[in-house]
Structure formats: C-alpha cells, structure tokens
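Residue numbers (the numbering used here), protein chains in the order written: chain A, -6 to 251; chain B, 977 to 1291.
See structure below.
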C-alpha cells in the first residue's frame, strides 16, 4: 500500500511541477465552459420563445436541453486531453531509462501500474471537479435543482474518462516514444468511437448490435440522460480492468525478453 | 553472499550469458571484467532482480532471484551504467522517495538520508534538481540511491565511465572505503581499476567465464616470464649481445637505432629468475653507463588480452 502511495505521490508531483496538469486542465475547462455557456444561452432563448406556446414548453428541460449536449461533447474534449496525460506514464520512463532502476526496487509491477494509474485518474477527477461550477450556475438561474441526472452524467463521464486513460496507459507501456504513444492513443480511441457507426444498429444485423455494444461512446448515452444502467457500468469497468491487466502483462513480457 | 549457478540468459535465440557459475563472499569486492558486449550488464541485471535468467539460478543472501525477487531487491543497491534518474526531482526529494520505495521505515529515512548524503558528498547539491547536475554529481546521486537503504550488496556497472580523472579517483576511494562491510560487484573494461579496487576478478568474454581468481594470483598464474626494463648508454648492439649471454634471458628488445647516449631495452626473463644484480654488474663491467633498471611483472592488462585472444584463437 505504501509503495503504491509513493509511486502515486511521485507521479502527482511530476504532473504539478511540470506544466502538464495545468495545460490540460485549463484547456479542458475553457472548452467545456464555452460549450456549456453556449448551450445555456441557446436554451434560455429557446425557452423564452416557447413561453409563447405553453404546450411546447413541457417538452424541454435543463437536462435534455443543456446538460446532455454539453456532456456529450465532453466525450470529444476528453478524447483530446486524456492521451496527453497518459502518454508519458511508461513511455517516458522507458525512453529516459529510469525504468531500469524502477524495476530493481522492491516493488511489484502491479504496485507501479496502480500507482501511476491512480495519479492519472486523479487528474481526470480534478478536471471534472473543475466543471462543477457549471451546473451550480445553471441551477442557480433555473431556481430549481435536479442533481440526480447530473450526477449520473458525471459518473458516466468519469468512467468514460478512465476508459480512455487506461487504454492510453496500455499504449504507453507498449511504446517508448511519447509522440507515437499519443498518436496511437488517438487512433485507438477514435477506433473505439467509430465502432458503433461501422454498421447501423437498426439494420437488424447482429454484427451491428455487437459493434455498437463495444463502442466506448455509446455507453455514455444512458448516463448523460440521467439513466444508470448496470450494463454500461459493467462495460466501462471491464474495459478499464482489461486494459490495466494487459498493461501488467506487457510490462512483464518486456522484462522477460530483456 | 552472491552465488551464480549455471546461469544462462537468452535474448531471443541469442545466448548473451552462457552457463556461468561463480560466487562472491561477504565483504569481497569482485571485479567483473570483459570487453564491451561480453555479458557483464546482463549478469548484473539478473543479480539485481531486474529480469530472471533463462536457465540456472542466482542467489543473493540466500534468496533466489527467480523465487523471491523482492527479497533480493531489498538487499541489492544498483548503479547502472549511465544511470537515468528522475531529472525533475531535487536530490533530497529523490533520495527520500527511493528510501520510501525501498521500504525504509519513515522514522529512519531522515537518518539514512543524512548518512548517505555525507558518504556521497552531496551536501552542496542537496536541493538542486538532478537534471541540472554535472555528470560527476549525478554519478554520486546514483550511488546515493543505491546506498540509501544500507543494502549489504552493491552492484556497480562501470561506475567510473565518463568521469574526469579526479572524479574517478573519488568514486574509487568511496568504493574501496566500503570494502569489508558490503559485498560489491563492479564491472569495468578498464583494467587498472580492477587491480586498484578489487580483491577478486571474474573475466568474462562472449558470455563465458574464462578466469576467476584473486587479482594478485591472476597476474602470477599466467606469468611464464617477467621483464626488466633497462636504460643504458653505450653501443646498443654490443649491449644487446652482452645481455643475451646472461643465463635466464629469453630475449632482448629495443636498443636498435637508438641514440648512443641512452638506449632503452626490454629484457624478457624466465619465470622465477632474478637477474637484476647480474645485469647491472655486466653493464658496468662492460664499460657502459647504467641509467635505469626496473623490474616489471605482467600486468592484468597483459593477462586479459592474452586470455581473450587465446579464447578467440581456439575457435
């Protein structure tokens, strides 16, 4: 436990003594903030117009009108800002050679992987925490608060963020070049994204359904509409577990081969 | 303290270390000698628990590197060749971090840090970032991270490569000062380093051990002759002829073409024969001037070259 904590502390210190964490968090909150505020103003104009016709007014709400689209576009921002967090975790240590000493310390591989993974996870958590003023502001204007669906959306975004991150960590363990690691991460994440589009899920073909279920983005849809489905949670948890497990295997096999 | 048994390491289909065995006793400094690419680093990495051998076994303090790598790692301090450390960290933070990672209990870290910093003379760079340090200081920080948890075994991979002569001297003194209390394996391809710091030598070439012995013995064992270096003034060819007549002389080199005022000769003499007095007398009696007379035993360098080339000749 102490070993995990030490690795964790060292990685966190790295993120905050170098510009990495700040740059990523600033870009993320700026883009998210812009999209959110734009959605909110559009929604308020729309609701003014709909006030003329009360029967339409019942069809819209803050969740569907503001949070869902903002959270949904958040997937794209995550796709851009998470690989820069994950790319260095192993690639840098391999390139600079620090991994040689790390592997001669009395640490288990799993402690190293978990320590690093938790540090990067904390950055993702912090990024989401920085967006909390957005719903506070929106609910402040609306004078009513519906936190349940928003929290569900946050849970979904967090799980999706960790999935992106874990895939990035795996790729970082495979490469010793950070540029290669980040580009491959983008490619792999886009691949998991497009899986759902490869075949129309309503075409009746079984393969369409399967690919759709595998898509890392599709499983966010329920969350951002305020729905927590165990199938979606299971998907993300399994995705994270598998990639972290593969990371361990990769490190082990690289070491055996020398 | 360290025991290597029939150990082999393959990289793919290529055997880098082939069935080697040797032992290091507690408190010994072992010189691990061989040309570049001989398998020194690979052997050392196995001893540190970095990776397991393909075949055979290695034990450190009785623990197997395959079965109990964590116990081995707790007892070995390792300084790789060109040690890479976290350049973004300050020296004190870095050593603290390594101490914690190596399992030092929190209350002991401060005390060990102080000792290590003193031992490696790091006081003046205590709060500097490792990335800003010179090569010599980095080497000392690397030694510091190896020593921080007071391990009984030290593995040093070419600890003096790339340092300036003063730094080399300092590092060697530091290593020598630890003899007796720690078991040290030191790899190098610089031969004088071995005779200066090590009590025992393992010579390795192309993954195979070709000699294991004490540093002094190795010199003696492979010496079939020794040499006398002589400087004398007079007719060089006459001196050469005269020297060749002395009993025990196997050959005389040099002298030819040199100035009459002072010619240098190398006399090869049979093993166990001391003819220095005889040479001096003859020179003076022959009417020449004796300027310098020096006995020279076969250096480790000669032994090494001879072993490595003999080995290659057999193939």
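Glycine is no exception: its CB is placed at the ideal position from the N, C-alpha and C atoms.
It should be emphasised that the depicted structure is a prediction, and the values quoted were computed from it without experimental measurement.
What do you get for residue 1213 of chain B, buried or exposed, if any count of 16 or more other CB atoms within 10 angstroms of its CB means buried? Residue mapping note: residue 1213 of chain B aligns to position 237 of the second chain, counting from 1. That one is exposed.
Simplified DSSP state of residue 56 of chain A, which is helix, strand or coil: What you label residue 56 of chain A is simply residue 63 of the first chain in a count that begins at 1. Helix at residue 56 of chain A.
Once the 5 residues before and after residue 1242 of chain B are set aside, which same chain residues still bring their CB inside 7 angstroms of it? Working through the second chain from its first residue, we reach residue 1242 of chain B at position 266. For residue 1242 of chain B, where only same-chain residues beyond five positions count, the Cβ hits under 7 angstroms are 1203, 1205, 1229 and 1230.
Pick helix, strand or coil for residue 44 of chain A, following the three-state DSSP scheme. For this step, residue 44 of chain A is matched to residue 51 along the first chain. Residue 44 of chain A: helix per DSSP, three-state reduction.
In angstroms with no decimal places, state the Cα-to-Cα distance between residue 1084 of chain B and residue 115 of chain A. Within the second chain, numbered from 1, the residue matching residue 1084 of chain B stands at position 108. Within the first chain, numbered from 1, the residue matching residue 115 of chain A stands at position 122. Straight-line Cα distance between these residues: approximately 30 angstroms.
Proximal chain B residues relative to residue 100 of chain A, where beta-carbon distance stays under 7 angstroms: Position 107 of the first chain, counted from the first residue, corresponds to residue 100 of chain A. Residue 100 of chain A reaches chain B at 1077, counting residues in chain order whose Cβ is nearer than 7 angstroms.
CB contact below 8 angstroms: residue 1024 of chain B versus chain A: Against the second chain, residue 1024 of chain B aligns to sequence position 48. For residue 1024 of chain B, the closest Cβ of chain A is nearer than 8 angstroms.
Under the rule that 16 or more other beta-carbon atoms within 10 Å means buried, what is residue 1098 of chain B, buried or exposed? Here residue 1098 of chain B corresponds to residue number 122 of the second chain, with the count starting at 1. Classification for residue 1098 of chain B: buried.
Is any beta-carbon of chain A found at less than 8 angstroms from that of residue 1064 of chain B? On the second chain, position 88 is the one that residue 1064 of chain B refers to. So, interface residue.
Rounded to a whole number of angstroms, what is the C-alpha to C-alpha distance between residue 1030 of chain B and residue 985 of chain B? To locate residue 1030 of chain B, count along the second chain from 1; it is residue 54. To locate residue 985 of chain B, count along the second chain from 1; it is residue 9. Between residue 1030 of chain B and residue 985 of chain B, the alpha-carbon positions lie close to 5 angstroms from each other.
Compute the Euclidean distance between the alpha carbons of residue 238 of chain A and residue 21 of chain A, then round it to the nearest angstrom. Sequence index remark: in the first chain, residue 238 of chain A carries index 245 (1-based). Sequence index remark: in the first chain, residue 21 of chain A carries index 28 (1-based). Taking the straight line joining both Cα atoms gives about 28 angstroms.
Could you spell out where the beta strand (DSSP E) holding residue 1272 of chain B opens and where it closes? Sequence index remark: in the second chain, residue 1272 of chain B carries index 296 (1-based). 1265 to 1272 is the extent of the beta strand (DSSP E) around residue 1272 of chain B.
Check the Cβ of residue 1073 of chain B against every Cβ in chain A and list those closer than 7 angstroms, keeping chain order. Counting from one through the second chain, the residue named residue 1073 of chain B turns up at place 97. Neighbours of residue 1073 of chain B in chain A, taken as residues at a C-beta separation under 7 angstroms, are given in chain order as -1 and 3.
Apart from the five residues on each side of it in sequence, which residues of its chain come closer than 7 angstroms, Cβ to Cβ, to residue 1102 of chain B? If you number the second chain from 1, residue 1102 of chain B lands on position 126. Within the same chain, Cβ atoms closer than 7 angstroms to the Cβ of residue 1102 of chain B are found at 1067, 1068 and 1093, the five residues on either side in sequence being excluded.
Hey, could you find the ends of the alpha helix (DSSP H) residue 225 of chain A is sitting in? Here residue 225 of chain A refers to the residue found at position 232 when the first chain is read from its first residue. Residues 223 to 250.
Rounded to whole angstroms, what's the CA-CA distance from residue 1048 of chain B to residue 1041 of chain B? Just pull it up for me. The residue given as residue 1048 of chain B occupies position 72 in the second chain. The residue given as residue 1041 of chain B occupies position 65 in the second chain. One alpha carbon belongs to residue 1048 of chain B, the other to residue 1041 of chain B, and they sit about 6 angstroms apart.
With C-beta atoms as the reference, is residue 1075 of chain B less than 8 angstroms away from residue 1124 of chain B? Here residue 1075 of chain B refers to the residue found at position 99 when the second chain is read from its first residue. Here residue 1124 of chain B refers to the residue found at position 148 when the second chain is read from its first residue. In this structure, residue 1124 of chain B lies closer than 8 angstroms to residue 1075 of chain B by Cβ.
In chain A, which residues lie with their C-beta within 7 angstroms of the C-beta of residue 977 of chain B? The residue you call residue 977 of chain B lines up with position 1 of the second chain. Under the 7 angstroms cutoff, chain A gives no residues; its nearest Cβ is about 17 angstroms from residue 977 of chain B.
Helix, strand or coil: which one does DSSP assign to residue 1032 of chain B? Translated into the one-based positions of the second chain, residue 1032 of chain B becomes position 56. Residue 1032 of chain B falls in the strand class under three-state DSSP.
Let me confirm a value: residue 989 of chain B is counted as buried when at least 16 other C-beta atoms fall within 10 Å, else exposed. Which label applies? On the second chain, position 13 is the one that residue 989 of chain B refers to. Residue 989 of chain B should be labelled exposed.
From which residue to which residue does the beta strand (DSSP E) around residue 987 of chain B run? As a working note, residue 987 of chain B is residue 11 in the second chain. Looking at the DSSP string, the run of the beta strand (DSSP E) that includes residue 987 of chain B is 978 to 987.
Around the Cβ of residue 199 of chain A, are there at least 16 other Cβ atoms within 10 angstroms (buried) or fewer (exposed)? Taking the first chain and counting its residues from 1, the one referred to as residue 199 of chain A is at position 206. Residue 199 of chain A comes out exposed.
Tell me the residue span of the alpha helix (DSSP H) that contains residue 3 of chain A. Taking the first chain and counting its residues from 1, one reaches residue 3 of chain A at position 10. Residue range -5 to 10 is occupied by the alpha helix (DSSP H) that includes residue 3 of chain A.
Under the three-state reduction of DSSP, which class applies to residue 1206 of chain B: helix, strand or coil? Taking the second chain and counting its residues from 1, one reaches residue 1206 of chain B at position 230. Of the three classes helix, strand and coil, the one that applies to residue 1206 of chain B here is strand, per DSSP.
Endpoints, alpha helix (DSSP H) assigned at residue 1084 of chain B: Taking the second chain and counting its residues from 1, the one referred to as residue 1084 of chain B is at position 108. Boundaries of the alpha helix (DSSP H) harbouring residue 1084 of chain B: 1082 to 1095, taken from the DSSP string.
Among the residues of its own chain, which have a CB less than 6 angstroms from the CB of residue 3 of chain A, if the five just before and after it don't count? Position 10 of the first chain, counted from the start, is the residue given in the question as residue 3 of chain A. Result list for residue 3 of chain A: empty, nothing under 6 angstroms.
Element boundaries [beta strand (DSSP E), containing residue 96 of chain A]: Start at 1 with the first residue of the first chain, and residue 96 of chain A comes out as number 103. Segment: none, residue 96 of chain A is in no beta strand (DSSP E) and carries neither H nor E.
In its own chain, which residues sit with a C-beta less than 8 angstroms from the C-beta of residue 63 of chain A, not counting the 5 before and 5 after it? The residue labelled residue 63 of chain A in the question sits at position 70 within the first chain. The residues are 25, 28, 29, 32 and 127.
Given that a residue counts as buried once 16 or more other Cβ atoms are within 10 Å of its Cβ, and exposed if not, what is residue 120 of chain A? Numbered from its first residue, the first chain carries residue 120 of chain A at position 127. It counts as buried.
Does the beta-carbon of residue 72 of chain A, which I'm using as the reference point, lie nearer than 7 angstroms to any heavy atom of the ligand FMN? As presented, the structure is devoid of all ligands, the ligand FMN included, so that no description of it is given.
Which complete alpha helix (DSSP H) runs does the region 1140 to 1207 of chain B hold, if anything under 4 residues is left out? Fully enclosed alpha helix (DSSP H) runs of 4 or longer: 1141 to 1153, 1167 to 1173 and 1191 to 1197.
If we ignore side chains and look at the alpha-carbon of each, how far apart do residue 1131 of chain B and residue 1162 of chain B end up? Here residue 1131 of chain B is taken as the residue at index 155 of the second chain, counted from 1. Here residue 1162 of chain B is taken as the residue at index 186 of the second chain, counted from 1. Across the structure, residue 1131 of chain B and residue 1162 of chain B are spaced so that their CA atoms are roughly 6 angstroms apart.
Check this for me: beta carbons of residue 1 of chain A and residue 108 of chain A, under 8 angstroms apart or not? Your numbering for residue 1 of chain A matches position 8 in the first chain. Your numbering for residue 108 of chain A matches position 115 in the first chain. For residue 1 of chain A and residue 108 of chain A, yes; Cβs fall inside 8 angstroms.
Inspect the beta-carbon positions of residue 1135 of chain B and residue 1158 of chain B and report whether they are closer than 8 angstroms. Indexing the second chain from 1 puts residue 1135 of chain B at position 159. Indexing the second chain from 1 puts residue 1158 of chain B at position 182. Their beta carbons are not under 8 angstroms apart, which means residue 1135 of chain B does not touch residue 1158 of chain B by this criterion.
Residue 1194 of chain B vs residue 1178 of chain B beta-carbon contact at 8 angstroms: Stepping through the second chain from its first residue, residue 1194 of chain B is reached at position 218. Stepping through the second chain from its first residue, residue 1178 of chain B is reached at position 202. Not in contact: residue 1194 of chain B and residue 1178 of chain B (Cβ atoms no closer than 8 angstroms).
Measure from the alpha carbon of residue 1095 of chain B to the alpha carbon of each residue in B:1137, B:1073 and B:1147, then state which is nearest. On the second chain, residue 1095 of chain B is found 119 positions in, with the first residue counted as 1. The option with the nearest alpha carbon to residue 1095 of chain B is B:1147.
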